[in-house]
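Below: one structure, written as structure tokens.
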Amino acid sequence: MSDTTQEPMLAADGRPLKQSLARALRRQKLRALMLIAPLLIFVMVTFIIPILSMLFRSVENEIVSNTLPHTVVALQEWDSSTGEAPDENVFRHLYFDLFKASEAKEHTKLGTRLNYERTGLSSVFRTTGRRLDDMGSDFQDPLEDINENFKEGAFWYEMLSGEGGEELLESRRALWARLTGESMAGDIGFTPSPQMADMLPWATRAYTDFAIWTVIDDQDVVAEEDPWEAVYAGLAQDLQSEQTQTEIAAYDGPGAQALKDAVANLDQLPEVNFKAAFIDAKEDWGTTDLWSTMQVFSSNYTTGYFLNAVDLELTPEGVQAKPENQQIYMQLFMRTLWMALVITGACILLGYPVAWLLANLPMRTANTLMILVLLPFWTSLLVRTSAWKVLLQQQGVINDILVWLGFVGDANRLILMNNATGTIIAMTHILLPFMILPLYSVMKTIPPSYLRAAKSLGATNWTAFWRVYFPQSVPGIGAGSILVFILAIGYYITPEIVGGTSGIFISNRIAYHISSSLNWGLAAALGTILLVVVLVLYWAYDKIVGIDNVKLGG
Amino acid sequence: MSVLNPSIKRPNLFKFTVPMVAAFGAIFGFITGNIYHQPLIGLFAGVIVGALLAMGLDRLAALPRWQKIWGTSAAFAVVGAIFGGVGGIVGGAVVGLSMGWFTTWIGSGRYRAGVPSYYTPGQVLWHNSFLFICAFVFFFLIAPLLPVAWLSFNAEDFFTFTPEMLSFKAEGYSLKHYYDFLGSDEWMVPLKNSLIIAPIATLISVSLGTLAAIGLSQSHVPGRQAIMAVLISPMIVPLIISATGMFFFYAPLGNWLQANLGLNQAFVGYVKVILAHAVLGIPFVIITVTATLVGFDRSLTRAAANMGADPVTTFFRIQMPLILPGVISGGLFAFITSFDEVVVVLFVGSARQQTLPWQMFTGLREQISPTILAAATILVTVSILLLTTVELLRRRSERLRGMSPG
């Protein structure tokens, strides 16, 4: 073309037209995005992030390492195949970790968590938690007999505090924060002495933990409070070490006399054996089962919840099927899908004729009849569900009428509620408008002349319908079915009220785990699986109808 | 279709009308007889009554149809009164109404009115059965709501009909459940909560949603499909999943708001529920408003700009009035979504934010009182009003677009 060789066309302001247009387009795009941005951010924050947080919950498993940080590390070296419980070192860490956790009342949460994987662990943690103080008192009483000073909170404070121990303090604070989920920030009024942390590592650590908890949670002053039993146990543990003993001999700081007394009278202290103490508190600590469960679930992320959600479990030997009597979720998923299918089928059967009638009646009549479809659609879900409860219960309207008419004996009234029948009937009624509306909007576009043409060419009524009309209405069936199916598999209210035990859906189980059993991880995993199913269906819906074509209210 | 074709012949009385009506009467007879444990006697009585009625009404062919129907109904009501008092009158009237309607429908040949005259009897039968099936589905859609309204006037604290109600005695009925509803904090506080939460949530979703819908309807939007998918997702994701996600996320969010902004617990509770409901309502606003914008003539805004109006003026003076019906019906959907929502509020809210559906849900689960039914009846009335509004808006917008209904 001759244009290509010419000067570029200019806009009014002297810029090349192409550039000017591109700039206008860019501004238009930007303006559109600016208009969308507030809502997009709003939806992201209030909806998308919550959904993502649910996905995260379904694999998150930080509670074990948050509650027992040192134990988990020590336990890594243990080999479960030896058939013996871990050595004293693991138990020693367990004692101090667990003591902290029980002060913060977090150990029962860990017990509950591990109980999901192995029944009985909850009580192990609860029982042991009550014995932790006694285990420490065994050392506290003889120590206080050896030197009166060990009774004084102020003495401990003076002995263990010093300068330059900020690093230790902050690392302990971080562990507290992980355990409690709070920041634990604030001035403690205590800094552990690095020298003591070297000489009496266990006691100093335990005392630092005590100090942080006393100040931040109990709002007390460290120096005025008597230390935890765990601090005495820590001291007893430290005194066992020969290196500590030599260092104490050379030590002349605060509390030197008391420490020297303690070393001199070491034989008055009971033997330090945490393993024996734990097994004494609860025999399960001596078994490999408990420890291997703990080892398997000590990582920060786990597939355990997902495996549970599909009736599998993670054992030290790998992934295995759960015992048959505990397999409920696959069955529940299958039942949910099956009932959603039945409901969708019933909606097609009932909705198709009505949509056909509405699409083929004169506009005015159709609009009037459409009100009969829209009224239930607009009526509160709770109202419709309560209506079905009124109708279906054993002393309900349907049974009353049948008994009054003499078709059913008073003694054997039909059981229509608290089972799958009730859920299917009520949900078919509730979801029927969602089938009729898309069907109607598709059928409205099928010209009636096609049917007449087919008939004039000699087709019977049935052939004309089946070969000409029906294929054209299939997109409507598809749209309606997917809509009804998606809505049905996520339903909660109606199955909860009319479903009893045999008519409930997976969503009721999710709600149960959220509000009653408090197994949130499993609830999140079940929710995630359901979400994936729905998203696949949604994608199919988009392919068949396109989201832009969703219409509401006729 | 409803126009009666004058060329339709009246069917033969003894070959067609009498047997048909007799068969119809037999059904009623069988059912009525069954009440008194004499189904066979009832059956025969029904056949005879039906046959006599068919012949009788055939003699009165000159009378208008409605007189025949109501006459039959009155006659049956009198018979019913002999057997069962007030309940019998109502039952008899209903049976008489259907018998009279059926007899005149068959007898005058109206049953062929909707079909071409060349249809075979089989086709006519199919056509009418089809209509009956549709009538049954409409019945199935609407009928469950009726006992609720009826039972809400129960004088007893039952979820079931009492004998007094069935025999229409005045002492069987009362407004006490409505007084319970209006007079107790147990219901008024949830109603108040619903009326706080739903409008604010609607306002948020409508204002943000309308803006975004206008943005989305521009001709060049990068990533339109993806944005649309995100904005519609609250409607697609099952409520139980949304509720679970919000449960995990909103609790720490609420704690953070309380700790860092010093807001009190009740206020934060409302904020959480309102935000959750607002986001659930957004897809409805987006869908209805974008649908309205499809028919919006863009040259109008250009004309306004051409005459010197700035974008804000153009929006409020030109665009907004035209898309208002879409905005309002989107808002109504959002309002209903919030007003009717129970799963999310159960998970996110605390007892302070108990809404009306929540109260109904707990009531239904524990089966406390028929006050629920009074509440339900009031809600049905409200939804009829809303439906009327939407229908009127729809007709208005169709009229504006030049597509008159009917």
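Residue numbers (UniProt numbering), protein chains in the order written: chain S, 1 to 554; chain W, 1 to 406.
C-beta: ideal position from N, C-alpha, C; glycine also.
Bear in mind the structure is a predicted one, so any value in this text is a computation, not a measurement.
Any C-beta of chain S under 8 Å from that of P64 of chain W: Translated into positions along the second sequence, residue 64 of chain W becomes position 64. So no, P64 of chain W is outside the interface.
Ranges of the alpha helix (DSSP H) found wholly within the region 33 to 87 of chain W, counting only runs of at least 4: Secondary structure remark: continuous alpha helix (DSSP H) runs of at least 4 residues inside the region 33 to 87 of chain W, in chain order: 39 to 59.
Near-chain W residues of the region 380 to 413 of chain S - C-beta to any C-beta below 8 Å: Cβ contacts with chain W: S380, L381, L382, V383, R384, T385, S386, A387, W388, K389, V390, L391, Q393, Q395, G396, V397, D400, W404, L405, G406 and F407.
8 Å Cβ cutoff met for L191 of chain W and L346 of chain W: For this step, residue 191 of chain W is matched to residue 191 along the second sequence. For this step, residue 346 of chain W is matched to residue 346 along the second sequence. No.
Stretch-stretch touch, CB-based, cutoff 8 Å, three pairs: the region 328 to 347 of chain W with the region 345 to 353 of chain S: Here the region 328 to 347 of chain W does not lie against the region 345 to 353 of chain S, with fewer than 3 beta-carbon pairs under 8 Å apart.
Simplified DSSP assignment, three categories, for N193 of chain W: To locate residue 193 of chain W, count along the second sequence from 1; it is residue 193. In the three-state scheme derived from DSSP, where H, G and I count as helix and E and B as strand, N193 of chain W is classed as helix.
Chain W within 8 Å of A479 of chain S, Cβ atoms only: The sequence position of residue 479 of chain S within the first sequence is 479, counting from 1. Interface annotation, A479 of chain S: not in contact with chain W, CB-CB separation never under 8 Å.
Touching by the beta-carbon criterion (3+ pairs, under 8 Å), the region 269 to 278 of chain W and the region 196 to 216 of chain W: Contact between the region 269 to 278 of chain W and the region 196 to 216 of chain W is present, because at least three Cβ pairs lie under 8 Å.
CB contact check: R399 of chain W to chain S, cutoff 8 Å: As a working note, residue 399 of chain W is residue 399 in the second sequence. Output row for R399 of chain W: interface = no.
Any chain S beta carbon closer than 8 Å to G172 of chain W: For the purposes of this step, residue 172 of chain W is taken as residue 172 along the second sequence, with counting starting at 1. No, G172 of chain W lies away from the interface with chain S (no Cβ there is under 8 Å from its Cβ).
Distance, T423 of chain S Cα to Y492 of chain S Cα: In the first sequence, counting from the first residue as 1, residue 492 of chain S sits at position 492. In the first sequence, counting from the first residue as 1, residue 423 of chain S sits at position 423. Straight-line Cα distance between these residues: approximately 11 Å.
Beta-carbon proximity check, P227 of chain S vs G129 of chain S, cutoff 8 Å: Locating residue 227 of chain S in the first sequence gives position 227, where the first residue counts as 1. Locating residue 129 of chain S in the first sequence gives position 129, where the first residue counts as 1. One thing to note: P227 of chain S has its Cβ no nearer than 8 Å to the Cβ of G129 of chain S.
Integer-rounded CB distance, given that D209 of chain S should sit under 8 Å from M178 of chain S: As a working note, residue 178 of chain S is residue 178 in the first sequence. As a working note, residue 209 of chain S is residue 209 in the first sequence. The residue you asked about is not Met; residue 178 of chain S is Arg in the sequence shown. With a contact defined as Cβ atoms closer than 8 Å, R178 of chain S and D209 of chain S miss out at about 13 Å.
CB contact below 8 Å: H177 of chain W versus chain S: Stepping through the second sequence from its first residue, residue 177 of chain W is reached at position 177. No - not a single Cβ of chain S is within 8 Å of the one on H177 of chain W.
Residues near residue 429 of chain W in its chain [Cβ-Cβ closer than 8 Å; skip 5 each side]: Outside the shown range of chain W, which is 1 to 406, sits residue 429 of chain W, and nothing can be said about it.
Burial state of L63 of chain W, where buried means 16 or more other Cβ atoms lie within 10 Å: Walking along the second sequence from the start, residue 63 of chain W turns up at place 63. L63 of chain W comes out exposed.
Contact the region 130 to 150 of chain S vs the region 526 to 543 of chain S: 3+ CB pairs below 8 Å: Judged by Cβ distances under 8 Å, the region 130 to 150 of chain S makes no contact with the region 526 to 543 of chain S, as fewer than three pairs qualify.
Rounded C-alpha distance that separates E271 of chain S from A74 of chain S: Position 271 of the first sequence holds residue 271 of chain S. Position 74 of the first sequence holds residue 74 of chain S. Spanning the two alpha carbons is a distance of roughly 22 Å.
Local conformation of T204 of chain S per DSSP, three classes: The sequence position of residue 204 of chain S within the first sequence is 204, counting from 1. T204 of chain S: helix per DSSP, three-state reduction.
Contact check, A93 of chain W vs A77 of chain W, beta carbons under 8 Å: Your numbering for residue 93 of chain W matches position 93 in the second sequence. Your numbering for residue 77 of chain W matches position 77 in the second sequence. By the CB criterion at 8 Å, A93 of chain W and A77 of chain W fall inside the cutoff.
Residues that Y492 of chain S contacts on chain W, provided the C-beta gap is smaller than 7 Å: Counted from its first residue, the first sequence places residue 492 of chain S at position 492. Per Cβ cutoff of 7 Å: L239, I240 and V343.
Sequence-distant residues of the same chain with beta carbon closer than 6 Å to L259 of chain S, five excluded per side: Taking the first sequence and counting its residues from 1, the one referred to as residue 259 of chain S is at position 259. Exclusion of the five residues before and after L259 of chain S leaves I248 as the residues of its chain whose Cβ lies within less than 6 Å of its Cβ.
Amino acids of chain S, ordered along the chain, whose beta-carbon sits closer than 8 Å to that of N34 of chain W: In the second sequence, counting from the first residue as 1, residue 34 of chain W sits at position 34. Listed along chain S, the residues sitting closer than 8 Å to N34 of chain W by beta-carbon distance are L405, G406 and F407.
L35 of chain S beta carbon less than 8 Å from that of G330 of chain W: On the second sequence, residue 330 of chain W is found 330 positions in, with the first residue counted as 1. On the first sequence, residue 35 of chain S is found 35 positions in, with the first residue counted as 1. Cβ atoms of G330 of chain W and L35 of chain S: not closer than 8 Å.
Assigned exposure category for P192 of chain S - 16 Cβ within 10 Å defines buried: Residue mapping note: residue 192 of chain S aligns to position 192 of the first sequence, counting from 1. Buried.
Continuous alpha helix (DSSP H) assignments of at least 4 residues falling wholly in the region 345 to 395 of chain W: As for any alpha helix (DSSP H) of minimum length 4 sitting wholly inside the region 345 to 395 of chain W, the runs are 356 to 366, ordered along the chain.
K15 of chain W burial status per 10 Å Cβ neighbour count (16 or more: buried): Sequence index remark: in the second sequence, residue 15 of chain W carries index 15 (1-based). By the 10 Å Cβ count, K15 of chain W comes out exposed.
For L522 of chain S and L437 of chain S, the rounded distance between their alpha carbons: Counted from its first residue, the first sequence places residue 437 of chain S at position 437. Counted from its first residue, the first sequence places residue 522 of chain S at position 522. If I take the Cα positions, the gap works out to 37 Å.
Cutoff 8 Å: N265 of chain S Cβ touching any chain W Cβ: Walking along the first sequence from the start, residue 265 of chain S turns up at place 265. Residue contact check for N265 of chain S against chain W: no CB pair falls below 8 Å.
Beta-carbon proximity list for I196 of chain W, same chain, < 8 Å, skipping 5 on both sides: Within the second sequence, the letter at position 196 stands for residue 196 of chain W. Around I196 of chain W: Y270.
Spatial neighbours of L4 of chain W in its chain, beta-carbon cut-off 8 Å, leaving aside the 5 residues before and after: Taking the second sequence and counting its residues from 1, the one referred to as residue 4 of chain W is at position 4. Its pLDDT being 48, under 50, L4 of chain W is placed unreliably by the model, and nothing is read from it.
Which listed residue (S:D218, S:E242, S:A37 and S:N265) has its alpha carbon closest to that of A213 of chain W: Within the second sequence, residue 213 of chain W is the residue found at index 213, counting from 1. Of S:D218, S:E242, S:A37 and S:N265, the residue nearest in Cα terms is S:A37.
Host alpha helix (DSSP H) of L75 of chain S (start-end): The residue given as residue 75 of chain S occupies position 75 in the first sequence. From DSSP, the alpha helix (DSSP H) with L75 of chain S extends over P69 to L75.
Cα-Cα separation between P39 of chain W and A351 of chain W, rounded to whole angstroms: In the second sequence, counting from the first residue as 1, residue 39 of chain W sits at position 39. In the second sequence, counting from the first residue as 1, residue 351 of chain W sits at position 351. Between P39 of chain W and A351 of chain W, the C-alpha separation is close to 55 Å.
Separation of V124 of chain W from Y450 of chain S, as counted between CA atoms: Numbered from its first residue, the first sequence carries residue 450 of chain S at position 450. Numbered from its first residue, the second sequence carries residue 124 of chain W at position 124. Distance from the CA of Y450 of chain S to the CA of V124 of chain W, rounded to the nearest whole angstrom, comes to 21 Å.
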